[in-house]
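See structure below.
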């Protein structure tokens, strides 16, 4: 089954073409948040290499969030547009679960971290044993000091980080620092192949999502919405 997968939830944009578990093509570009200009051409070039049309793809997959609000929307919209008017499944996966998939070769605590600003990260925790990943908590936005406390309280296992919050987290997770292991640079950023493999597992478990059913996952309101709510709260307090 041909799977076309992509991730544009952070600075890097990545597109992969797979035949089930077999990787056929992987392209990653990191030149700033220009996904609206680069992502679709990357998809078109990937398909052209194999003389495929969008309707030849048997499943589309994307990271549906969390991540950059704009990046998440661009990725989901691209997949929805490619599959529009067809019955091709569109599987959205957790960006954090896909990042954990990057680290499947390491036994220990897998800790994807994406910069959520305000000294917070988007995060979920996973445990990997003998190549089997088990989710330990749901996706969430969490303050780095709270994550540090949580990791320090876990069993004495090595910790592996991945995501665009890697450097920030390494510098601030001090209590659990002795257990943090260095993640190879190539495994720290989003990888569309990992997206495809998480989506394939969901598909094999029965997931079937159409283009109209695919929706982004943000975890918290965007900055504009937060500012609007803050203004409303301030206005209400002034009238009390």
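In my numbering, the protein residues as written are 8 to 247.
The beta-carbon is built from N, C-alpha and C at its ideal position, and this holds for glycine as well.
{"query": "Alpha carbon of residue 96 to alpha carbon of residue 206, nearest angstrom", "result": "10 Å"}
{"query": "Buried or exposed (CB count within 10 angstroms, at least 16 for buried), residue 119", "result": "buried"}
{"query": "7 Å Cβ shell around residue 126 - same chain, five flanking residues per side excluded", "result": "150, 151"}
{"query": "Residue environment, residue 198, which counts as buried when at least 16 other CB atoms sit within 10 Å", "result": "buried"}
{"query": "Nearest candidate by alpha-carbon position, reference residue 122, set 43, 143, 178, 69", "result": "178"}
{"query": "N-terminal and C-terminal residue of the beta strand (DSSP E) that residue 121 is part of", "result": "115-124"}
{"query": "Between the CA atoms of residue 184 and residue 17 - distance to the nearest angstrom", "result": "25 Å"}
{"query": "Start and end residues, alpha helix (DSSP H) containing residue 81", "result": "76-90"}
{"query": "Coarse secondary structure for residue 32, derived from DSSP in three states", "result": "strand"}
{"query": "Where residue 152 falls: helix, strand or coil (DSSP)", "result": "helix"}
{"query": "CA-to-CA distance, residue 156 to residue 9, given in whole angstroms", "result": "43 Å"}
{"query": "Inside the stretch 160-232 only - alpha helix (DSSP H) runs reaching at least 4 residues", "result": "173-179, 199-211"}
{"query": "Host beta strand (DSSP E) of residue 299 (start-end)", "result": "A query on residue 299 cannot be resolved here, the shown segment of the chain reaching from 8 to 247 and no further."}
{"query": "For residue 107, the first and last residue of its enclosing alpha helix (DSSP H)", "result": "102-109"}
{"query": "Selected residue, minimal CA-CA separation from residue 36, among 28, 46, 27, 30", "result": "46"}
{"query": "Burial state of residue 265, where buried means 16 or more other Cβ atoms lie within 10 Å", "result": "Residue 265 lies beyond the residue range present for the chain, which begins at 8 and ends at 247; the question has no answer from this structure."}
{"query": "CB contact flag (residue 136, residue 218, <8 Å)", "result": "no"}
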